[in-house]
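Numbering (the numbering used here), first residue to last: 117 to 295.
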């Protein structure tokens, strides 16, 4: 799902976007998806954290002691001081310091969260009933089906992004190499 980068962030790599955690909460694209490739046999699209909500990419969406690395603006984005565990997307964790990525309690991390309500009842969260995609999650969450594969590409200009079916090549620049 390629999206057009916001004009003020034209030269930012994905790595730079992920490292920008303080203050985080950045909308990094404009205009929604340029391309989407969804299988005609895809299932569970109603609660898919990407294809069911649409919108622009939001990176490092921290709220109280929770965070989500990538969410879409068409979904629910929690306010900074709201502890509702309801921003869903990729790279989710509860009980963390989202501005520095410090995990306080490592039982709530999960890679892909489905769109669902994580209710706050009787003075406590009932997130144990929350299904996440796959098995890569902390012990307090429940495994659910993996809906498919996701790939996100960000282009500076819509006209420069390859058309569907184009074979993409890997390109590594000096500025992004791990030293």
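Here a beta-carbon is modelled for each residue, glycine too, at the ideal position from N, C-alpha and C.
1) Helix, strand or coil for residue 276, going by three-state DSSP, please let me know.
2) Where does the unbroken beta strand (DSSP E) through residue 133 begin, and where does it stop?
3) For the candidate residues 149, 159, 269, 211, whose alpha-carbon lies nearest to that of residue 285?
4) Please say whether residue 181 and residue 212 have beta carbons closer to each other than 8 Å?
5) Should residue 159 be labelled buried (16 or more other beta-carbon atoms within 10 Å of its own) or exposed?
6) Classify residue 161 as helix, strand or coil using the three-state DSSP reduction.
7) Please state whether DSSP places residue 169 in a helix, a strand or coil.
8) CA-CA distance, residue 222 and residue 254?
9) Check whether the region 198-218 and the region 137-155 are in contact - that is, three or more C-beta pairs closer than 8 Å.
10) Find the nearest neighbour of residue 256 within the set 247, 144, 267, judged by alpha-carbon distance.
11) Please report how far the alpha carbon of residue 249 lies from the alpha carbon of residue 166, in whole angstroms.
12) Skipping 5 residues on each side, what residues in its chain have a beta carbon closer than 8 Å to that of residue 227?
13) Which of the three DSSP states, helix, strand or coil, is assigned to residue 286?
14) DSSP three-state label for residue 246, please.
In short:
1) Note: residue 276 maps to helix in three-state DSSP.
2) No beta strand (DSSP E) holds residue 133; the alpha helix (DSSP H) holding it covers 130-135.
3) Selected option, being the one with the closest Cα: 269.
4) Judged by their CB atoms, residue 212 and residue 181 are nearer to each other than the 8 Å cut-off.
5) The residue in question, residue 159, is exposed, as its Cβ has fewer than 16 Cβ neighbours within 10 Å.
6) Residue 161: helix per DSSP, three-state reduction.
7) Residue state, collapsed to three classes: coil.
8) Roughly 7 Å separates the two Cα atoms.
9) With the cut-off at 8 Å, the region 198-218 and the region 137-155 touch.
10) Residue 256 has its Cα closest to that of 247, out of 247, 144, 267.
11) Rounded to whole angstroms, residue 249 to residue 166 spans 13 Å at the Cα level.
12) Hits under 8 Å: 206, 207, 208, 248, 249, 250, 252, 253.
13) Here DSSP, grouped into helix, strand and coil, assigns residue 286 to coil.
14) Residue state, collapsed to three classes: coil.
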